[in-house]
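S.K.: Position 268 of the sequence shown, counting from 1, maps to 268 under full-length UniProt numbering, and the rest follow consecutively.
In this text, a Cβ means the ideal position worked out from N, Cα and C, and glycines have one as well.
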Amino acid sequence: MFAKEALPVSHYDVTARLNGQYDSLLASGQYYPFTYPFGTLGATVVIIYLLLDHRSRPWLRKARYAAWSFITVFALWSIKSFRARNPAAAFGVGLISAWSILWCSMMLVIKDVQLDFSRVERKESRLDLVSASTSSQTAESNGHASGNAHQDGSTLHARSSKVGTTQAPAQRTGTLAWQAYPAGPFVERLDWVADIFSNFRGMGWNWRISGLPSPPLWVQAQISGNSGTPPPEEDEKKTQISRTGVRRYHDNSSLLKANLWLVCRDVIILDVLKTLISHDAYFWDGNVSAWPNYLPAYLHAFPVIVRSARLLISLSAVYIALQAIFALGPLFFVGMIGPRYIGARGEAWMYPDSFGSFDNVLDKGLAGWWGGWWHQSFRYAFEAPATKLMELAQVKPKSPTGKFISLTIAFVLSGALHACGSYTQMGHTYPLSGPFLFFISQIGGISAQLAINSLLQQIGVVQRSPQWLQRTANFIYVHVWFYYTAPLLCDDFARGGIWLFEPLPFSPLRGLGLGGPGDGFWCWWGGILWWHKGDRWWNTGLAL
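1. To the nearest angstrom, how far is the alpha carbon of Gly343 from that of Ala177?
2. Distance, Cα to Cα, Thr138 vs Arg340?
3. If I measure Cβ to Cβ from Gly515 and keep anything under 6 Å in the same chain, skipping five residues before and after, which residues do I get?
4. Cα separation between Leu256 and Arg345?
5. Rounding to the nearest angstrom, what Cα-Cα distance links residue 553 and Ile96 in this structure?
6. Give the single residue among Phe358, Ala221 and Phe475 whose Cα lies nearest to the Cα of Arg243.
7. Taking the alpha-carbon positions, what's the Pro517 to Leu270 distance?
8. Taking the straight line between their C-alpha atoms, what separation do you get for Leu529 and Ala543?
9. Could you tell me the distance, in whole angstroms, from the CA atom of Arg495 to the CA atom of Tyr423?
10. Kindly indicate which three-state DSSP category Leu529 falls into: helix, strand or coil?
11. Would you mind sorting residue 547 into buried or exposed? The rule is 16 or more other CB atoms within 10 Å of its CB.
12. Would you list the one or two residues that DSSP bridges to Arg83?
13. Would you please state the rounded distance, in angstroms, between the beta carbons of Tyr31 and Arg83? I believe it to be under 8 Å.
14. Along the chain, where does the alpha helix (DSSP H) containing Val113 start, and where does it finish?
15. Would you mind sorting Gly94 into buried or exposed? The rule is 16 or more other CB atoms within 10 Å of its CB.
16. Which residues does DSSP list as the beta-bridge partners of Arg122?
17. Which word fits Tyr484, buried or exposed, when buried means at least 16 other C-beta atoms lie within 10 angstroms of its C-beta?
18. Below 7 Å between beta carbons: does that hold for Ile101 and Ala75?
19. Check Gly444 in the structure and name its three-state DSSP category.
20. Which first and last residues belong to the beta strand (DSSP E) in which Leu295 is found?
21. Express the C-alpha separation of His300 and residue 565 in angstroms, rounding to a whole number.
22. Pop quiz: Ile209 and Gln376 are said to be a contact at Cβ under 8 Å. What is the actual Cβ separation, rounded to whole angstroms?
23. As a quick exercise: from Pro352, Gly174 and Ile268, pick the residue whose alpha carbon is nearest that of Lys123.
24. Taking Cβ positions, are Ala384 and Ile71 nearer each other than 7 Å?
25. Let's see if you can read the secondary structure: which residues bound the beta strand (DSSP E) around Ala543?
26. Please classify Pro8 as buried or exposed, where buried requires at least 16 neighbouring CB atoms within 10 angstroms.
27. Per the DSSP calculation, Trp524 is bridged to which residue(s)?
28. Please check the pair Ala419 and Phe404, which I expect to be a contact at CB under 8 Å, by giving their CB distance rounded to whole angstroms.
29. So is Trp468 buried or exposed if we call it buried at 16+ other beta carbons inside 10 Å?
30. Could you compute how far the alpha carbon of Thr15 sits from the alpha carbon of Gly286?
31. To which residues of the same chain is Val113 closer than 6 Å at the C-beta, ignoring the five residues directly before and after it?
32. What is the C-beta distance between Ser316 and Leu273, in whole angstroms, given that I count them as a contact (C-beta under 8 Å)?
33. Tell me whether Arg247 sits in a helix, a strand or coil according to DSSP, three-state version.
34. Determine, using beta-carbon pairs with one atom in the stretch 323-334 and one in the stretch 222-237, whether at least three such pairs fall under 8 Å.
35. Out of Asp519, Ala98 and Arg119, which has the shortest C-alpha to C-alpha gap to Met350?
36. By how many angstroms is the C-alpha of Pro505 removed from the C-alpha of Arg85?
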């Protein structure tokens, strides 16, 4: 990386070099700065289209392909032509642009959101059915009932008309029911569209992903009463934690305490991680031959230890950063806004945890890592294309072929998303041979482990092995696998400069002198957000 220039003394040297490269690329006209509000144009066009009711107008319904084409072209143009100075934003330009294509493909091409989807919303009190009202009041008074909120949307539209259409969601105080695409008023439709556009896991929607816990029984009871369907028999405790260990909160207090604790804890951990990163040039520009100063000198002679330490720091940084970001949502929407302003979207049960239990890894190995423990924010967008393809090919989803199709499509799409993020970073990255290859390799890793496990079951080894031994074997397989494959992703992160991003405005540890050269208590020294005046209206705005 620095063949013709001095090796960096600190991460500030690499930051200065990348900033200079960014300024030069903009000055040459090769790239444009990614700015707001122009950067949201693609999403804005799709939202405007979705605000037009096309359910009874076939010509307008077909226009959804034009809306999808627009955001696809805009996103591809953004990936090719726009860059950001901020390291996290630089990665986000590619990742979020690619995600907009995938998510809008689900909403506009694979599905038709106005016909296929319904969400949970409160009815107007004056429209409540007497029987449903009585049932729900009983359920709310004792906190117990039974029901099911996870139903197919195609059977719900006739029932969902019971949700009132003359009051905004926050103004209604009736029971909960399924709400299809609202006919009006405008604020109701805008709320519905904004919800589907930003709710990636489907909590409170009829397409909720399988890894999330069910809504509370009192919610299910109200929905069942208003839908005219018998409430299923379900244990309240089973609705609080999903099969993958994702926890749902039953009240605001427990939700806010848990997420506030996560944010406070993760801020401290991030400070520790960023302090360690400031002592290892690998995290500045991907220089694998650099010595990590946080390890004793005698350990530098052991490449396995050095690589393992760097991979552990990389994994911890990604996990902790994502967990902290995800925890901010409940604190804002429930703690600061609440049902008074956003209706059911401000209730605690709408915000289950983002990560599952690590037991998934111990019990299911690599498949449990990706399918149960890791966050499932992209899951539905990955599943929808696979489901549609199997439907067209008449392949059963639970068959070995169906499972392999789902597995392959999920990791190909995940690889494409992260490769786009790699492509838009300012450092010298390898999108295809780095992130894309990493995610593609997981197909082989999962398939191999499943095949080995199947063979061991056939010869009776699994049946004769104690659980602790099976879990140990899964743990070893997963971490040995990642030892050899994770550098494809982590090295590319480092080369691109993503670890140069400063998530914290201040650092007590670096303020105490534990950081690298130039580090101090205050970390945000400009360059976070500024007004860019371009030569055209569309490249003028807030730049990252």
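M.R.: The relevant details are as follows:
1. 13 Å
2. The predicted model places Thr138 with a pLDDT of 37, which falls under 50 and marks its position as unreliable, so this point remains unresolved.
3. Once the five neighbours on either side are set aside, the close Cβ partners of Gly515 are Thr275 and Ser278.
4. 15 Å
5. As shown, the chain starts at 1 and ends at 544. That puts residue 553 outside it, with no answer to give.
6. Cα-wise, what sits closest to Arg243 is Phe358.
7. 19 Å
8. For Leu529 and Ala543, the distance between alpha carbons rounds to 6 Å.
9. Spanning the two alpha carbons is a distance of roughly 11 Å.
10. coil
11. Lying outside 1 to 544, the shown extent of the chain, residue 547 is not represented and no answer is given.
12. Pro33
13. 4 Å
14. Val113 -> alpha helix (DSSP H) spans Val113 to Asp116.
15. buried
16. Per the DSSP secondary-structure output, Arg122 pairs in a beta bridge with Leu176.
17. exposed
18. yes
19. Secondary structure of Gly444 (DSSP, three-state): helix.
20. Per DSSP, Leu295 belongs to no beta strand (DSSP E) and is neither H nor E.
21. One cannot answer for residue 565 here, as it falls past the ends of the chain, which runs 1 to 544.
22. A Cβ-Cβ separation of about 6 Å places Ile209 in contact with Gln376 under the 8 Å criterion.
23. Gly174
24. Against a cut-off of 7 Å, the Cβ pair of Ile71 and Ala384 comes out as no contact.
25. It spans Gly541 to Ala543 - the beta strand (DSSP E) in which Ala543 sits, taken as one unbroken run.
26. buried
27. Paired residues: none, contrary to the question.
28. Not confirmed; about 22 Å, so no contact.
29. exposed
30. If you take the alpha carbons of Thr15 and Gly286, they lie about 13 Å apart.
31. Contacts found: Met107 and Ile196.
32. 6 Å
33. strand
34. no
35. Arg119
36. Rounded to whole angstroms, the gap between the alpha carbons of Arg85 and Pro505 is 17 Å.
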